[in-house]
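To start, the structure itself, in structure tokens.
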Amino acid sequence: MLHYLQHCSLTEAFLFFWITNIAVFLGSVLLCWLLGIIFHQRRIFDQWQPLHKIEMVAAASAIVLNAIISVIGWYLWHKGFIDIKNRGMGRSIVDCLLMITVMDFGMYIFHRLAHVPLIYRLIHRFHHRHETTNPVSLFVLHPLEVLGFGSLMLVFLLVYPMSLYGLMGYLALNILFGTLGHSGVEPFPRILKKIPGLRNIGTSTFHAEHHEHPHYNFGFYTLIWDRIFGTLDPDYERRFDGESSP
Numbered sequence: 048m049l050h051y052l053q054h055c056s057l058t059e060a061f062l063f064f065w066i067t068n069i070a071v072f073l074g075s076v077l078l079c080w081l082l083g084i085i086f087h088q089r090r091i092f093d094q095w096q097p098l099h100k101i102e103m104v105a106a107a108s109a110i111v112l113n114a115i116i117s118v119i120g121w122y123l124w125h126k127g128f129i130d131i132k133n134r135g136m137g138r139s140i141v142d143c144l145l146m147i148t149v150m151d152f153g154m155y156i157f158h159r160l161a162h163v164p165l166i167y168r169l170i171h172r173f174h175h176r177h178e179t180t181n182p183v184s185l186f187v188l189h190p191l192e193v194l195g196f197g198s199l200m201l202v203f204l205l206v207y208p209m210s211l212y213g214l215m216g217y218l219a220l221n222i223l224f225g226t227l228g229h230s231g232v233e234p235f236p237r238i239l240k241k242i243p244g245l246r247n248i249g250t251s252t253f254h255a256e257h258h259e260h261p262h263y264n265f266g267f268y269t270l271i272w273d274r275i276f277g278t279l280d281p282d283y284e285r286r287f288d289g290e291s292s293p
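Spelled out as structure tokens, the structure:
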């Protein structure tokens, strides 16, 4: 893949990343649908959020913008500003975990900034059209949010020499967590919260609560920053256990 991308034209690169992002979108929607069937007994919301035309337009826009961001990354890599190479499995795992940690913190900060009243009204409120979620919710974003997240990722890659499989692992986990967070069901077992380390994984309930209560749960992959900064929904543990409100 690196050999192909190294020798392809700008047009070929855009087509490659555009088709890849369409496949990611379709895969995410399909996974959401399957999760809704398999884990229907652990539904977080009674039903999925109704979908409107403007949200499908936003999803299509997100696909194109993600392809453009990928092309920018490809160009920076092609010019030597970004270092991505084939490296061993051990280095790839370390790289993947490091990128998850750094991006999780960066996304927490940017997410909290997105809830500053003026920014929220102009940009982030569009995503919160979905108080519950549906299989397309992950992609219902204001264009500036798509560009902001993509820019954050590019900054990381400009600073840190990344392994190919570490980057691919991060991208796969990113779409997986995004899909789980908007699936409307909880596939993680309840015992998870009793296991040190794993209890801080960002579950589906964790992000679903953010859609219900926008002043809590700003993290994405983990609960760590919300625990540290006191923004974890106090109702999270009970909701994760599937208990109804008292």
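48 is the number of the first residue of the sequence shown in the numbering used here; add one for each residue after it.
Glycine is no exception: its CB is placed at the ideal position from the N, C-alpha and C atoms.
DSSP beta-bridge partners of residue i
i: VAL232; result: ARG90
i: LYS240; result: LYS240 pairs with nothing; no bridge assigned.
i: LYS132; result: SER210
i: ILE271; result: According to DSSP, ILE271 bridges with nothing at all.
i: ILE248; result: THR269
Same chain only: Cβ atoms within 6 Å of residue i, ignoring 5 sequence neighbours per side
i: HIS254; result: GLY228
i: GLY216; result: CYS143
i: MET209; result: ILE131, ASP142
i: THR278; result: TYR263, PHE265
i: LEU201; result: GLY120
i: ARG159; result: PHE265
i: GLY197; result: ILE116
i: SER230; result: CYS79, LEU82, SER251
i: PHE235; result: THR250
Under 8 Å between C-beta atoms of residue i and residue j
i: PHE92; j: VAL149; result: no
i: GLU256; j: ASN264; result: yes
i: TYR155; j: ALA161; result: no
i: GLY74; j: SER139; result: no
i: GLU259; j: GLU178; result: yes
i: ILE131; j: LEU211; result: yes
i: ILE110; j: ILE69; result: yes
i: PHE61; j: ALA106; result: no
Spatial distance of residue i from residue j (CA atoms)
i: ARG237; j: ILE275; result: 22 Å
i: ASP282; j: ASP288; result: 10 Å
i: SER108; j: ASP280; result: 32 Å
i: LEU81; j: HIS175; result: 24 Å
i: LEU191; j: HIS54; result: 31 Å
i: VAL206; j: PHE224; result: 24 Å
i: ARG89; j: LEU185; result: 20 Å
i: LEU220; j: THR269; result: 12 Å
i: MET136; j: ILE119; result: 27 Å
i: LEU78; j: LEU218; result: 16 Å
i: HIS99; j: PRO182; result: 13 Å
i: PHE63; j: LEU49; result: 12 Å
i: LEU199; j: ALA114; result: 15 Å
i: THR67; j: GLU233; result: 27 Å
i: GLU59; j: LEU52; result: 9 Å
i: VAL104; j: VAL193; result: 14 Å
i: PHE267; j: LEU145; result: 15 Å
i: VAL187; j: LEU112; result: 13 Å
i: HIS125; j: THR180; result: 38 Å
i: ARG134; j: SER251; result: 32 Å
i: ILE129; j: LEU123; result: 6 Å
i: GLY244; j: ILE222; result: 21 Å
i: SER56; j: GLY127; result: 16 Å
Same chain only: Cβ atoms within 8 Å of residue i, ignoring 5 sequence neighbours per side
i: GLY195; result: PHE157
i: VAL163; result: none
i: PHE152; result: TRP272
i: HIS87; result: VAL232
Close beta carbons around residue i, own chain, < 7 Å, minus the five adjacent residues each side
i: THR226; result: SER75, LEU78, CYS79, LEU185
i: LYS240; result: ARG246, GLU284, PHE287
i: ILE147; result: TYR217, LEU220, TYR268
Interface flag, residue i vs chain D, CB-CB below 8 Å
i: ARG176; result: The chain inventory of the structure shown lacks chain D, comprising one protein chain alone.
Taking the runs of the alpha helix (DSSP H) that are 4 residues or longer, which of them lie wholly in the segment 151-217?
As far as the segment 151-217 is concerned, its whole alpha helix (DSSP H) runs of at least 4 residues are 164-169, 190-206.
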